[in-house]
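Some notes on the structure that comes next.
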Amino acid sequence: MSVLATAIGSMPGEDSGGAAYREAVKVVLDSLPDLACVPELPGRGPAATMTGRTLAVVEGLDVDLQPAGWRLTGSSGSPGLDHRRTRSLLAQDLDAVEELGQGYAGTVKLQLAGPWTLAATVERPRGDVVLGDHGARRDLAAALAEGLGAHVRDVRRRMPSAAALVVQLDEPALASVLAGAVPTASGFGRHRTVHPPEASALLETVIGAVVAEGAEPWVHSCAAGTPLALLRGAGARGLLVDADRLGAADHDVLAEALEAGDAVVLGVVPSTDPDGPSGSVTDTALTQRVVRWLDMLGLDPASGRLGVSPACGLAGASYDWSRRALALSRAVADNLTNLG
Numbered sequence: 001m002s003v004l005a006t007a008i009g010s011m012p013g014e015d016s017g018g019a020a021y022r023e024a025v026k027v028v029l030d031s032l033p034d035l036a037c038v039p040e041l042p043g044r045g046p047a048a049t050m051t052g053r054t055l056a057v058v059e060g061l062d063v064d065l066q067p068a069g070w071r072l073t074g075s076s077g078s079p080g081l082d083h084r085r086t087r088s089l090l091a092q093d094l095d096a097v098e099e100l101g102q103g104y105a106g107t108v109k110l111q112l113a114g115p116w117t118l119a120a121t122v123e124r125p126r127g128d129v130v131l132g133d134h135g136a137r138r139d140l141a142a143a144l145a146e147g148l149g150a151h152v153r154d155v156r157r158r159m160p161s162a163a164a165l166v167v168q169l170d171e172p173a174l175a176s177v178l179a180g181a182v183p184t185a186s187g188f189g190r191h192r193t194v195h196p197p198e199a200s201a202l203l204e205t206v207i208g209a210v211v212a213e214g215a216e217p218w219v220h221s222c223a224a225g226t227p228l229a230l231l232r233g234a235g236a237r238g239l240l241v242d243a244d245r246l247g248a249a250d251h252d253v254l255a256e257a258l259e260a261g262d263a264v265v266l267g268v269v270p271s272t273d274p275d276g277p278s279g280s281v282t283d284t285a286l287t288q289r290v291v292r293w294l295d296m297l298g299l300d301p302a303s304g305r306l307g308v309s310p311a312c313g314l315a316g317a318s319y320d321w322s323r324r325a326l327a328l329s330r331a332v333a334d335n336l337t338n339l340g
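Here is the structure:
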């Protein structure tokens, strides 16, 4: 079985005119022939961040942009200027993906913020984040699930030659949500801990919408303490992790996932420029690191659906390193495939 190379999703670039995005699409499609991501360029502003991108997909709830970030404004059915801008930017980006991705025969991966990270980053109409209101966070998850289906259908229509679609839910805030570590608006308090059954239930709502559209649900988090077993229990069929942030129990969960036929993408390539020469990071050394990890688990590279990626998004990398990181991910995946 082949080991796949992919990317988490974000890429460097600040050009709002479209040239930087088109270049990112070309780089991703050329570098990742088996599992390309639809790139995100958060450097272009709030509409292009993980949260802004996801709010462009949400259905039935309106938002606007405040100095503190994105805020729900209700459900008037008449999106305001900021909300229309997020949707317009996403549509323009997907136009570029459709044009440049004609004939792409690999799997295509979409990225959206998961329901808990969205609840921890979007404010309610009267202030403070959605996380603090049980009803509001359920409504936001339902709106995400509804809009996600239309988004998947749109991408599938635009890229009919793609082998399959994966939807990656980004949940960097989940560990903090479960630990009661998300600060209130004042900064002097913390939102109450969300218990695992409720956390799982909202994830199941959104993951169920992914499955209903015939796409495969994966979850990514670079945060230490992310409950990987909870993610699998909620229906995630792929886990993307930073190899440097794994706890002792995480290794067992990842081994179980591989043995069950689920995807595990191990982030081993640095996501920002190394301190020394870029040539000091080699595919040989990275391959050996993955082999040592597999040996620790008692597995080999042919076990399950293993993938390799940068440790996290590449938005903070230089243009040169972002390309080098993708090339290294592919080289490591090829090395591991040959070993298997």
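For the sequence shown, counting from 1, position 36 maps to 36 in the working numbering; every step adds exactly one. For every residue, glycine included, the Cβ atom is placed at its ideal position computed from N, Cα and C.
From the listed residues Arg-323, Ala-113, Ala-315, Leu-35, the smallest Cα separation to Gly-106 is found for Leu-35. For Gln-66, the secondary structure class from DSSP, reduced to helix, strand or coil, is strand.
Contact check for Val-265 and Leu-328: beta-carbon distance about 14 Å, past the 8 Å limit, so the pair fails to qualify. Using a Cβ-Cβ distance cut-off of 8 Å, the segment 219-234 and the segment 201-208 are in contact, since at least three pairs of beta carbons, one from each stretch, lie closer than that value. Sequence-distant partners of Ala-145 (beyond 5 residues in either direction) whose C-beta falls short of 6 Å from its own C-beta, in its chain, are Thr-205, Val-206, Ala-209. Residue pairing by DSSP puts Asp-170 in a beta bridge opposite Ala-113, His-220. In this structure Asp-128 touches Ala-185 by the C-beta definition: roughly 4 Å separates them, less than 8 Å.
Per the Cβ contact rule, the segment 106-124 is in contact with the segment 147-165 (3 or more Cβ pairs under 8 Å). Its Cα nearest to that of Val-25, the residue Asp-95 stands out among Asp-95, Leu-4, Arg-232. When DSSP states are grouped into helix, strand and coil, Leu-165 belongs to the strand group. Burial check for Pro-274: the Cβ neighbour count within 10 Å stays below 16, so the residue is exposed. The segment 225-235 and the segment 249-263 touch, with no fewer than 3 CB-CB distances between them shorter than 8 Å.
About 5 Å separates the CB atoms of Val-167 and Ala-215; that is less than 8 Å, so the two are in contact.
Less than 8 Å divides the Cβ of Arg-156 from the Cβ of Leu-165. Look at the beta carbons and you see the segment 239-250 touching the segment 307-316: at least three pairs across the two are nearer than 8 Å. Under the DSSP assignment, Asp-242 falls in the beta strand (DSSP E) whose first and last residues are 238-242.
Nearest in C-alpha terms to Gly-267, of all of Met-1, Ile-8, Pro-160, Arg-190, is Ile-8.
In the structure shown, Leu-32 adopts coil according to DSSP, grouped into three states. Using a 10 angstroms sphere on the CB of Pro-33, the tally of other CB atoms stays under 16, which defines it as exposed. Within the segment 233-283, the complete beta strand (DSSP E) segments at least 3 residues long are 238-242, 263-269, listed from N- to C-terminus. Judged by DSSP in its simplified three-state form, Thr-287 adopts helix.
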